[in-house]
Amino acid sequence: AKDNGGAQYHIYHTDMYQRVAHRVMMETEVRQALAKGQFSLSLQPQLQTATKKLCGFEALLRWNHPEKGMISPDDFIPILENSEHMVELGYWVIRRCFEISSNLQRSGLTDVTVSINLSAVQFIDFNLTNYLKALLEEFQLPASCFELELTEQTLVKDIERAIECMQELRSIGFSFAIDDFGTGYSSLAYIKKMPVDVIKIDKSFVFGMLENHADYQIIMSTIAMVKNLGLVVVAEGVESSAQLRSLAENDCDIIQGYYFSKPIPEHDLAEFLDTRIAN
Ligand code: C2E
Ligand code: CA
Ligand code: CA
Ligand code: CA
Numbered sequence: 502a503k504d505n506g507g508a509q510y511h512i513y514h515t516d517m518y519q520r521v522a523h524r525v526m527m528e529t530e531v532r533q534a535l536a537k538g539q540f541s542l543s544l545q546p547q548l549q550t551a552t553k554k555l556c557g558f559e560a561l562l563r564w565n566h567p568e569k570g571m572i573s574p575d576d577f578i579p580i581l582e583n584s585e586h587m588v589e590l591g592y593w594v595i596r597r598c599f600e601i602s603s604n605l606q607r608s609g610l611t612d613v614t615v616s617i618n619l620s621a622v623q624f625i626d627f628n629l630t631n632y633l634k635a636l637l638e639e640f641q642l643p644a645s646c647f648e649l650e651l652t653e654q655t656l657v658k659d660i661e662r663a664i665e666c667m668q669e670l671r672s673i674g675f676s677f678a679i680d681d682f683g684t685g686y687s688s689l690a691y692i693k694k695m696p697v698d699v700i701k702i703d704k705s706f707v708f709g710m711l712e713n714h715a716d717y718q719i720i721m722s723t724i725a726m727v728k729n730l731g732l733v734v735v736a737e738g739v740e741s742s743a744q745l746r747s748l749a750e751n752d753c754d755i756i757q758g759y760y761f762s763k764p765i766p767e768h769d770l771a772e773f774l775d776t777r778i779a780n
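Going by the UniProt record's numbering, 650 is the number at position 149 of the sequence shown; the sequence numbering is gapless.
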């Protein structure tokens, strides 16, 4: 038994070592990738369910690695989550979102918002508020052009500080969405405590909603509850017309998903908007 314990410790140790090494490598690579312009954003349309009118875009980070090809944000953001590099990359994302919003405003799409995903380290960073204020000034945009997406994981780090930060940003006009709603342990506590505007139902519930009774019920009760609280409800991961119809019948405010559009690379956005407005 003793030997066994030793071996287990060894395995654990090696595994931990490898994880740390991988993280250090990632961090260095991210810094270089930023300098070399390997990051970009893709924008996924959000539509008003009732009218099918375009009402926003969620900005999703893309890393085009010269050797490894496109790396999914799920493969590098969690690794960077606790590092300064995530803060730096996050600031880059925010600035790009201001540039994109500025272009949307210039094209006359004044009520189309840009949703920005914020990670935990970024959200508790003391410079975030000042950075956002400075960008509003620089770009001459109202904060209502943006929505800030937080997950329960983001919030759990330091809840008191998170609330303070949200209140300050809301007082200057930013709105907040809780992302991946329903996947954490305390969704209902958050909805009560947090000064939020929008709830995004996680796509894992939407995928099977028409086959799985529990998923269907969870979605429909969430929609009803969110609306009774006077908040806006978004369903993400909508892939079929049947899902869309069911969500529309149950008064889900906004939908986002492959059924309408996959995330659109920045450089294809103008073309997307042209065809959309032409229609
Ligand atoms: P998320 O914030 O939950 O974003 C939604 C994800 O669902 C995106 O994956 C999107 O492409 C995908 N999706 C949307 N509609 C559908 C659909 O109908 N079917 C399917 N199968 N998937 C759909 P993506 O772009 O790979 O991003 C993964 C995650 O990475 C995001 O999940 C978010 O947590 C994180 N992320 C992306 N960009 C950023 C960023 O700029 N900052 C931070 N902190 N996190 C980001
Ligand atoms: Ca999101
Ligand atoms: Ca989500
Ligand atoms: Ca997610």
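Just so you know, even glycine gets a beta-carbon here, dropped at the ideal spot from N, CA and C.
Keep in mind that this is a model prediction, so the values were computed, not measured.
Straight across, the Cα-Cα distance linking Ser573 with Gly674 is about 31 Å. Ser602 is positioned such that its CB atom lies no closer than 8 Å to that of Leu774. Taking 7 Å as the cut-off, one finds no heavy atom of ligand 2 near enough to the beta carbon of Glu582.
By the beta-carbon neighbour count (other beta carbons within 10 angstroms, threshold 16), Glu772 is exposed. For Val697, the closest alpha carbon among the candidates Lys763, His768 and Gly731 is that of Gly731. Nearest to Val588 by alpha-carbon distance, out of Leu610, Gln623 and Ile578, is Gln623. Relative to Gln545, the option among Leu562, Gln539, Gly538 and Leu535 whose CA is nearest is Leu562. A contact is defined here as three or more CB-CB pairs under 8 Å, and the stretch 700-708 meets this definition with respect to the stretch 675-686. Just so you know, the alpha carbons of Val531 and His714 end up roughly 43 Å apart. Segment contact: the stretch 648-655 against the stretch 610-620, three or more CB-CB distances shorter than 8 Å; contact assigned. Using a Cβ distance threshold of 8 Å, Glu767 and Ser541 count as a contacting pair.
Taking non-hydrogen atoms of ligand 3 into account, the C-beta of Asp575 is found less than 7 Å away from none of them. When secondary structure is reduced to three states using DSSP, Cys556 falls in the strand class. Here Ile756 is buried. Its C-beta has 16 or more other C-beta atoms within 10 Å.
Residue range Val733 to Glu737 is occupied by the beta strand (DSSP E) that includes Val735.
In the structure shown, Ala644 adopts helical secondary structure according to DSSP, grouped into three states. If you compare the alpha carbons of His586, Gln549 and Phe627 with that of Ala536, the shortest gap goes to His586. Apart from the 5 residues on each side of it in sequence, Asp752 sits with its Cβ closer than 7 Å to the Cβ of Ile724 and Lys728 in its chain, given in chain order. Between Arg524 and Leu590, the alpha-carbon positions lie close to 15 Å from each other.
Only exposed fits Thr529, as fewer than 16 other CB atoms lie within 10 angstroms of its CB.
If you check the CB distance, Trp564 and Gln539 come in under 8 Å.
The C-beta distance from Val707 to Ile720 rounds to 7 Å, short enough to fall under 8 Å.
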